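A.B. asks: Here you go, one structure.
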Amino acid sequence: MQPISAPRRFLALIFLPCLLAVLAFGRWSGDLARGEDALIQRQYQLAVGHLRAAAEELDGVERQRARLLLGQALALSGNARAAVATYRRLRTISPDAGMRRAVAFRLVAIYRDKAPDPDEARRWLRAMLD
1356 MQPISAPRRF LALIFLPCLL AVLAFGRWSG DLARGEDALI QRQYQLAVGH LRAAAEELDG
1416 VERQRARLLL GQALALSGNA RAAVATYRRL RTISPDAGMR RAVAFRLVAI YRDKAPDPDE
1476 ARRWLRAMLD
């Protein structure tokens, strides 16, 4: 058996960890990426499934992003009640003020579609942002 040359050994030492990192990232972010793709393709029920799985598997900022997209998918699929529940939960557990603001705007968008009076929706938004 011949020894592996130095350049090949170097490439193997670089390539193998990179390959493992790419495969691990694909496994961790797979449901989130598939959920985003399903949202883009307007396959909202499919997106809901992928984003629910991603919200359970991921943590930190990626989990918040998955939950925000899950609320959007639920709202677009016609399940406003579940979308509002998802947004409210995200608003209470999120430490990030920017995320809470984004959630508030999405909640108001749902409410605006249901509210008979636009002024009432504006008051509700102001109350949520204060």
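Numbering (my numbering), first residue to last: 1356 to 1485. Every residue gets a Cβ at the ideal spot worked out from N, C-alpha and C, and that includes glycine. Nothing here was measured: the structure is a model prediction, and the numbers come from that model.
Please report how far the alpha carbon of glycine 1433 lies from the alpha carbon of isoleucine 1395, in whole angstroms.
C.D. replies: For this step, residue 1433 is matched to residue 78 along the sequence shown. For this step, residue 1395 is matched to residue 40 along the sequence shown. Cα-Cα distance, rounded: 16 Å.
A.B. asks: Would you report the Cα separation of arginine 1487 and glycine 1404, rounded to the nearest angstrom?
C.D. replies: Outside the displayed span of the chain (1356 to 1485) sits residue 1487, for which this structure offers no information.
A.B. asks: Return the CA-CA distance between aspartate 1386 and glutamate 1475, expressed in angstroms with no decimal places.
C.D. replies: If you number the sequence shown from 1, residue 1386 lands on position 31. If you number the sequence shown from 1, residue 1475 lands on position 120. Taking the CA atoms as reference points, aspartate 1386 sits about 37 Å from glutamate 1475.
A.B. asks: Can you tell me where the alpha helix (DSSP H) with leucine 1413 in it begins and where it stops?
C.D. replies: As a working note, residue 1413 is residue 58 in the sequence shown. Careful: leucine 1413 lies outside any alpha helix (DSSP H) and carries neither H nor E.
A.B. asks: Alanine 1421 and leucine 1445: beta carbons closer than 7 Å?
C.D. replies: Position 66 of the sequence shown, counted from the first residue, corresponds to residue 1421. Position 90 of the sequence shown, counted from the first residue, corresponds to residue 1445. No; because the gap between Cβ atoms is not below 7 Å, this pair is not in contact.
A.B. asks: DSSP on aspartate 1472, reduced to helix/strand/coil?
C.D. replies: On the sequence shown, residue 1472 is found 117 positions in, with the first residue counted as 1. Note: aspartate 1472 maps to coil in three-state DSSP.
A.B. asks: By alpha-carbon positions, which one of Arg1389, Lys1469, Arg1481 ends up nearest to alanine 1428?
C.D. replies: Against the sequence shown, residue 1428 aligns to sequence position 73. Nearest C-alpha to alanine 1428: Arg1389.
A.B. asks: Would you call glycine 1453 buried or exposed, if buried means 16 or more other Cβ atoms sit within 10 Å of its Cβ?
C.D. replies: For the purposes of this step, residue 1453 is taken as the residue at position 98 of the sequence shown. Classification of glycine 1453: exposed, given that the 10 Å Cβ count is below 16.
A.B. asks: In this structure, does DSSP put aspartate 1451 in helix, strand or coil?
C.D. replies: As a position in the sequence shown, residue 1451 is number 96, starting the count at 1. The answer is coil: DSSP assigns aspartate 1451 none of H, G, I, E or B.
A.B. asks: Could you say which of Pro1450, Leu1423, Ala1408 lies nearest to tyrosine 1442 if we only look at CA atoms?
C.D. replies: Counting from one through the sequence shown, the residue named residue 1442 turns up at place 87. Of Pro1450, Leu1423, Ala1408, the residue nearest in Cα terms is Leu1423.
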